[in-house]
Structures are given as structure tokens and as C-alpha cells.
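Take a look at the structure below.
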Amino acid sequence: MSTRLYVVLHDVPRRARSRRTPGAPEVRDRRTASAPGVAHAPSLLDCQVRRRHDSWTAPSHVNPPPRSVERGSITAPPWVGRSRPLADLRSHARSTIVRYGDERLQLTRQDEEVRVEEPFRVGLAIPLQGPGGIFGPSCEAVAELAAAEVNAAGGVLGRELVFEVVDAGAPLPEIRRTVHDLLERRRLDAVTGWHISSVREALAPVLRGRAPYVYTSLYEGGPIPTGVYTSGEVPALQIAPALTWMRDHAAVHRWALVGANYVWPRRTATRIRDYARTAGIEVVHEAFVSYGCRDFTTTLVDIARSDADGVLMLLVGQDAVMFNRQFAEAGLDTVMPRFTPLMEENMLLATGAEGTADLYVAAAYFNSLATASALDFMSAYIHRHGPDAPALNNAAESCYEGVLALVSLTAAAGSTRTADIAAANAETPVSYEGPRGTVTLSSETLDQGRQAVHLARADGYDFDVLTTL
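Under the numbering used here, the first residue of the sequence shown carries the number 12, and numbering increases by one thereafter.
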């Protein structure tokens, strides 16, 4: 049985707020905000948790009473309604994380009952190594919460949701072989998870026609194959309005762009250049570095010599951490702001407060987002995993969204078959409510995931959410 060590940083002092960008609206901090309908973390007695070899009774906030769901548009949380009655099914909220190559479950077992139907096995493709490995522990923890909530309400069309963890940080041929093997062994009914676009392009042909695939990372846009659904942010709703805001409120008109040399940064840069031509801004310098780059000396020298007003980062995980540290060490953080669509709480902690001055981020979810749905999500997460769990962040939360999307798609179609799901979503695009608010999986081939996106500024070890774009 595998064992994973989490390194947890907590009780980190916040840097004093030194500046606020002129024109930025005041936003309440989540520590003092109270929104109508916000649930607070229940006590351990409410949870009724018994650690090993026992059943688990879900608290009321994760097991709402059944409601009907109209085909195609799910406005209540998608686990509330089903296409057929599930009153005869008891909740199964044990651990649902299965290691590839090991049939044993990681945590608890349910010995007294067995479902009549086979479990609904979802490949959770998340990076456990490489630059994106920083997200792995929190992605797993969030996925376990999502599965517990779904199973407590009856599962996926009556089938228990179980995850098969696939290391999406492994070499691409290995990832393809792993997923193909799981399909051949009938151990995979769907795939979701946070991983980079190169992995998505490797997996989509393997899964075509065989299993629905919800890609949860931010998406660069472009044609989407049948059976692939993108629930993450897209440039038109994330980057373009953020650059407009930076132009109007931070006087940034000329950008130096630095990105990793693979699919997402390259294609996103193309869309940024197209937008810049009509928005009164310019991309005056571009640099693409290897994925896994650790030395940005040459890149920083070139940025300093350019006439850029700001730096646009398209870097992932540890790569972005290293860039931000070296950017600050070079003194560039005092002369130009940075903007990125990919920066989350773990990366802030790893960078250190001294490396994140004047750093702006656009995303659909932040740990500090003071909305009722986001605070409910945090409450449920802490309730399940405790205060020392891996830090919540955008990448991990996207895995929760992926589960909601899968459950919504199958509920709307009344089927788990790829063709049935595609046909149903083409007829009436699915919408669901989650920590990000309303997310719509548009049937269009471009910019599929429609959702609210927020702009925040790094404030020490947290994000100060400034506005909704």
C-alpha cells in the first residue's frame, strides 16, 4: 500500500499590504467576509467519521435531499438529481483512490456491502512528478472529497465512483500505455484531472470513442475532439480581459512574454498576439524556454534590455517558482509588474513573499475567493481532511470541477457512453454549479468552458482578489 508524505506550511504571516493599484475596487478578505448561505465547517461529531474499516455518514451539506434535474441544464449541484431513483442505494463514502497496478484501496474499506453494479472507474490524470508535481497532493485530496460527495448521493447513475490515479507527470509514452492498458482491462470508464496540454493531446486519441474525457486545466483554445470536454479557463475570458485591465489600471501597454516551449504557451501566445492588435497593446519580446527550466539568466537579461512595461508569464509549477525568485533577485520586480494565468497558492508558498511583489493572476478560483460557493467548498475540504491538508488551489479545485462535469454530463445524457454524452451536450449544453459558480460546457468547438474569471494580486502568501473580469 503506497504512502505519501505531505509537507505542510501553515500559520505563515502575511506581508503587510504595501500598495493597491489605483482604480482597483475594494474586496472583502475571506477571513472576515460573510456571505448569505455560507456553511461553516461542522464539528467532528457531525461528521461521524470512523477511521478504518467502518462506514462513513456524510454530513447534511454533502448529501442534500433528492431533486429532479432537467435534461441538459443542471442548476443544482449535479449529484443532487439522477435519471432514475436511487433511494434503494446506501451511501458509499469510503476512500476511492486506487493506485494503478494495485487493486487495494488506499485508506478505508467497505466490507459489509457490495454494489450490484461495477464501479464507475475514472482515471485521475494528475502530475506526481516534474514541474507540475507541486499540485499532485492537493489534486488527490480534492478528488477524494468529490468522490465521497458523489457516492454519498448514490454515485454516477447508480454506480460507485472510484479513481485510478495516473501519473500525468511521467513521460508521454508511459502515460499513453498506462491509459491504454486500463481501457483494455476494462478498468477505465472516463478520464479527468489537471495536466498539461501535451498530455491531453497524447491521451485524446487513445480515449476517442471509448471514454469521455474532461480536461480541467486552463485551455489554450482550438478544435476540441468529440468526447473531450474542457472545463478550465480560456484566453478569451481569462487573459484578454486581464490585459485590458492591466492597460487601464496599471498602464501596461508593452509586454515581454516568457513561456515554456510546448503546446499551451505557444498557442496561447498566438491568441495573445491576435488580441493585442485590437487592444492597443504590444508584445515586444518573446522567449520560450524548455519545460523544466531552472536557469532564467539569459531570459531576464533580454527582458531587462527590452522596452516592455510588464512581463506575461506562461510557465507551470516549479518553473514559475524559479522564474519569480530570479526575477526578484535581479531587481526587476521593482520596475515592471508580472501577469500570469497560472499561479496558485502552492506556487506562492514555494516562491516566498519576497518574490511575488506586483504579481497579478487571473483565474476562476482562488483559495481566498469570498463567495458562498467557494467558502462552502473550503468548509467541506477542511471538514474531510483537517486544517493541515495540502493547500487548496486552482489546479486542485479544477479536479473537483472535473468530477462535477462528468456527473453532470452523464446525468444529462442518462448514459456513460461517449456518443450519448456528446449527442446530449450538442443538443443542450450542460451547466452545473460548483465552487467557481456556474460553469457551462458549451457545445462549441472553441472556448468551451464558460465561467466567471477573477483578477487577483499576490499579497505575501495569499491572493487579494481585486475584481471579476
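C-beta: ideal position from N, C-alpha, C; glycine also.
Decide if residue i is buried, meaning its Cβ has at least 16 other Cβ atoms within 10 Å, or exposed.
| i | result |
| --- | --- |
| asparagine 272 | exposed |
| proline 142 | buried |
| threonine 279 | buried |
| glutamine 249 | buried |
| arginine 349 | buried |
| alanine 437 | exposed |
| serine 301 | exposed |
| glutamate 37 | Unreliable placement is indicated for glutamate 37, whose pLDDT of 39 sits below 50; the coordinate value is still reported in the next sentence. Flag for glutamate 37 reads exposed. |
| glycine 366 | buried |
| glutamine 140 | exposed |
| glycine 321 | buried |
| proline 234 | exposed |
| arginine 170 | buried |
| aspartate 178 | buried |
| aspartate 399 | exposed |
| valine 91 | In this predicted model, valine 91 has a pLDDT of only 30, less than 50, meaning its place in the structure is not dependable; the value taken from the coordinates is given anyway. When all chains shown are included, valine 91 counts as buried. |
| isoleucine 108 | For isoleucine 108, the predicted structure reports a pLDDT of 49, less than 50, and the residue's modelled location is therefore unreliable. A value from the coordinates is still provided. By the neighbour-count rule (16 or more Cβ atoms within 10 Å), isoleucine 108 is buried. |
| glutamate 340 | exposed |
| arginine 197 | exposed |
| aspartate 473 | buried |
| glycine 471 | buried |
| arginine 316 | exposed |
| proline 308 | Before going on, a small fix: residue 308 reads as threonine here, not proline. Under this definition threonine 308 is an exposed residue. |
| arginine 93 | At arginine 93 the pLDDT is 27, less than 50, meaning the model places this residue with poor confidence; the figure from the coordinates comes in the next sentence. Result: buried. |
| arginine 284 | exposed |
| arginine 395 | buried |
| glutamate 175 | buried |
Measure the CB-CB distance between residue i and residue j and report whether it falls below 8 Å.
| i | j | result |
| --- | --- | --- |
| alanine 262 | leucine 370 | no |
| tyrosine 230 | tyrosine 240 | no |
| aspartate 200 | threonine 427 | yes |
| alanine 222 | threonine 429 | yes |
| valine 294 | tryptophan 266 | yes |
| arginine 288 | glycine 232 | no |
| valine 450 | glutamine 459 | no |
| asparagine 405 | tyrosine 376 | yes |
| threonine 227 | serine 242 | yes |
| valine 173 | threonine 421 | no |
| glycine 303 | aspartate 330 | yes |
| valine 217 | valine 190 | yes |
To the nearest whole angstrom, what separates the beta carbons of residue i and residue j, a pair I think is in contact under 8 Å?
| i | j | result |
| --- | --- | --- |
| leucine 323 | leucine 343 | That belief does not hold up - the Cβ atoms of leucine 323 and leucine 343 are roughly 14 Å apart, past 8 Å. |
| histidine 296 | leucine 268 | 7 Å |
| glycine 328 | isoleucine 145 | 5 Å |
Go through its chain and collect everything with a Cβ distance to residue i's Cβ below 6 Å, but skip five positions before and after it.
| i | result |
| --- | --- |
| alanine 385 | Pro446 |
| phenylalanine 299 | Gly270, Asn272 |
| asparagine 378 | Glu356, Leu403 |
| cysteine 150 | Ile137, Trp205, Ala407, Cys410 |
| alanine 373 | Gln249, Ala253, Pro352, Val464, Leu466 |
| leucine 194 | Arg221 |
| alanine 368 | Asp344 |
| tryptophan 275 | Ser208, Glu231 |
| phenylalanine 334 | Phe307, Leu326 |
| alanine 181 | none |
| valine 486 | Outside the displayed span of the chain (12 to 480) sits residue 486, for which this structure offers no information. |
Checking contacts by CB at 8 Å: is residue i closer than that to chain D?
| i | result |
| --- | --- |
| tyrosine 230 | The structure shown contains no chain D; it holds only a single protein chain. |
Apart from the five residues just before and just after residue i, which ones in its own chain have a Cβ nearer than 7 Å to its Cβ?
| i | result |
| --- | --- |
| alanine 213 | Leu183, Ile186, Arg187 |
| threonine 237 | Ala433 |
| threonine 255 | Ala290 |
| arginine 219 | Pro236, Gly238 |
| proline 47 | Because proline 47 sits at a pLDDT of 37, beneath the cut-off of 50, its placement in the model cannot be relied upon, and the following sentence gives the value as read from the coordinates. The answer, listed in chain order, is Ala383. |
Leaving out five residues on either side along the sequence, give the residues of the same chain with a beta carbon under 8 Å from the beta carbon of residue i.
| i | result |
| --- | --- |
| alanine 319 | Arg265, Trp266, Ala267, Val295, His296, Met347 |
| valine 210 | Ala136, Ala179, Leu183, Ile186 |
| arginine 258 | His264, Ala290, Gly291, Ile292 |
| valine 476 | Val38, Phe377, Ser379, Leu380, Ala381, His465, Leu466, Ala467 |
| serine 45 | Note on serine 45: pLDDT 36, under 50, position unreliable in the model; the coordinate value appears next. If we look at serine 45 and ignore the five residues flanking it on each side, it has no Cβ neighbours. |
| leucine 417 | Val133, Val167, Ala201, Thr203, Pro223, Val225 |
| aspartate 431 | Ala424, Gly425 |
| serine 453 | Pro440, Gln459, Gly460, Arg461 |
| glutamate 129 | Arg170 |
| arginine 336 | Thr362, Gly363, Gly366 |
For the 8 Å Cβ check, are there 3 or more pairs between the segment 198 to 210 and the segment 127 to 142?
Enough Cβ pairs lie closer than 8 Å, so yes.
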